[in-house]
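In what follows, a single structure is set out as structure tokens and then discussed.
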DNA sequence: GTGAAAGCGCTAACAC
DNA sequence: GTGTTAGCGCTTTCAC
């Protein structure tokens, strides 16, 4: 149990054990054509020295590292963290290791195609496969398997998404059933399928109820609290303001609630608020918020399981796994008198 | 903008641009001895082809990758996620990239020294430096800089920890001030400094108040809800049960509250509960819980900044950064009559 | 059953 | 200012 002074290589192990590097490599990779005695000896030296193979070297030379990767745009983003949590859960008790990757360099993240460049850096060398969160380009390709979560468009890649439109319909119909006729919609990221589908769901529900779709009640957002606040201010300064607001996700819903309170409105007495995209913690952050729960954690779990299947050469049951949304009614809404 | 068929190498770029691989390498690494014209041409080819250098190859060959790593035991663990969030925040707008690494293979994680082996696989090749969360061995060494968070012991490595003892004293004294004399202590991971210091703080506060330290009121835990429940059951079936319980972290506190409720106790009427180690979300999960807030997120942020300094060859202000705990009083406690 | 040697994609001397 | 070349640590034929 000596501590590694400088980097320990396979060569050090080989010399200490008195064998060749190829023998050590065979032991490392559990090849069966090694004498039991030699195997034991090498294993002992590995343990003694505290050797572990360099992921970089292994990845470069061989096609298999037993590492799967998750590519996210920002590690401090709640969606990313929740997704990672689900992937971590799926990886548990498997032989796989997990790498989550993101870049701090914001300008490179806002330019289209950042995913592809980061992907190339990892996949096929360090990782055996990757999960890409909210890709904004469909131009993704990779030597190793790929699964996308909440993609840009319905592409050909294996994907995981939620029943966004159905959820948005449920949420809107809930408000309509309460008697609301003017419902403000705070949009999500319009470059993502999820953002588009939630808008469509909202519009679809209005259509079904024979209610007009009014442009002044639809604002573009981006899944942030700031967008929620901004849109809420716009809606609430309208000559004829909405009686309810549908936020495209819980982050935006928080912003909506903040803005409403800042304007002296009480929720739900003066304004009903619902939100999509609920992550477990948000249920507590906004305990009063009626939401459609999308279970991002479950999306990560599903994506990881799809990826593991692909890596192991199995075929997928569904090319696109749909995570079901479910309406969670709390006391943030009130029947309209 | 063609899509990469198979893996694109520096060689492909060189051939397409009609230059040598070393020229491409020079462009990639922004060396200044490249003709402006050549530089332009190569950059264009790189963009056209959508080339990005293999992290594995770069890491193996050069000492610098601009990637920092975080090593955690489990990606689905709340502590890890919260820590990652802080690191992500610190990395933002820097040129660094971030890799979070964990292994799903549980047996390898429970055996001592897992950190060292995982560390070796990444550091000095793929990453320029690493942050290790809750290492359970002090036998860590690495060619590249290392920062530990909530370590095993007070070692020589640059570290980030919280004012655990002070926090535990504050929390215990708060209960004592309310008149509580029998306070159950649900311990944390005793192999971590944080677990030991919280216990010491609890004992210290009792000492200062001239209260006896009773072994039947101290149970070992491990920062899980299950441990909290288990300990609570033990305490509450005592002939002379405690009137308050101090849980070593919020996860355990949740377990304590569950157990108490299952036994038909009301909180805080029948039992006062306090907890340490509050993560922001937990404040909402247990809105009724009086806690000491340790801001794990802030620990990650501090650790990342220390690591960046080390990588850039700057010296540290403090070898061990202390994140301050602060008492957050809510309604989970009641004065003892 | 084991060793020697080629080479993965890249960088850093060293030539020119 | 640019090309040639020797490895980084590892896996994998191919000999023996």
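Chains as they are written, first to last, in the working numbering: chain A, 19 to 355; chain B, 19 to 355. Each residue gets a CB set at the ideal place from its N, CA and C atoms; glycine is no exception. Here the structure is a predicted model, which means the values were calculated and not measured.
Assigned with DSSP and collapsed to three states, residue 30 of chain B falls in helix.
Taking residue 254 of chain A as the centre and dropping the five residues before and after it, the same chain places the C-beta of 281 closer than 6 Å to its C-beta, in chain order. Secondary structure at residue 127 of chain A: helix, using DSSP grouped into helix, strand and coil. Nearest CB-CB separation between residue 74 of chain B and chain A: below the 8 Å threshold. Here the region 215-226 of chain A does not lie against the region 241-249 of chain A, with fewer than 3 beta-carbon pairs under 8 Å apart. Contact note: residue 317 of chain B does not reach chain A at a C-beta cutoff of 8 Å; the least C-beta distance is about 14 Å. Secondary structure in the region 274-354 of chain A: the beta strand (DSSP E) runs of 3 residues or longer, each lying completely within the stretch, are 290-296, 308-311, 338-341, 344-346 in chain order. It is roughly 17 Å from the alpha-carbon of residue 277 of chain A to the alpha-carbon of residue 308 of chain A. C-alpha of residue 193 of chain A to C-alpha of residue 74 of chain A: approximately 54 Å in a straight line.
Under the three-state reduction of DSSP output, residue 181 of chain A falls in the coil class, being neither helix nor strand.
The C-beta of residue 256 of chain A has fewer than 16 other C-beta atoms within 10 Å across all chains shown, which makes the residue exposed. Taking CB atoms only, residue 147 of chain B has no neighbour in chain A less than 8 Å away. As a beta-bridge residue in DSSP terms, residue 262 of chain B pairs with B:201, B:290. The alpha helix (DSSP H) runs of length 4 or more contained entirely in the region 83-136 of chain B are, from start to end of the chain, 96-109, 124-128. Contact annotation: in the region 100-125 of chain B, residues whose CB is within less than 7 Å of a CB in chain A are 102, 103, 105, 106, 107, 109, 110, 111, 112, 113, 114, 115, 116, 117, 118, 119, 120, 121, 122, 123, 124.
Interface residue (Cβ-Cβ distance to chain A less than 8 Å): residue 196 of chain B is not classified as such. Counting C-beta pairs with one atom in each stretch, the region 99-119 of chain B and the region 111-123 of chain A have three or more that are closer than 8 Å, which means they touch.
Around the beta carbon of residue 233 of chain B, fewer than 16 other beta carbons lie within 10 angstroms, which makes this residue exposed. Looking only at A:208, A:346, A:201, the smallest Cα-Cα distance to residue 231 of chain A is reached by A:201. Just measuring C-alpha positions, the residue of B:66, B:72, B:205 sitting nearest residue 145 of chain A is B:72.
The Cβ atoms of residue 211 of chain A and residue 170 of chain A lie closer than 8 Å to each other. Chain order gives the chain B residues near residue 161 of chain A as 24, 25, where near means a beta carbon separation below 8 Å. If you draw a 10 Å sphere on the C-beta of residue 151 of chain A, you find 16 or more other C-beta atoms in it, and that means buried. For residue 88 of chain B, the closest of B:106, B:77, B:78 by C-alpha to C-alpha distance is B:106. The C-beta distance from residue 165 of chain B to residue 178 of chain B rounds to 7 Å, short enough to fall under 8 Å.
Taking the C-beta atoms as reference points, residue 219 of chain B is found no nearer than 8 Å to residue 266 of chain B. Proximity of the region 325-345 of chain B to the region 127-141 of chain B falls short of the contact definition, fewer than three beta-carbon pairs being nearer than 8 Å. At a beta-carbon threshold of 7 Å, the residues of chain A lying near residue 134 of chain B are 68, ordered along the chain.
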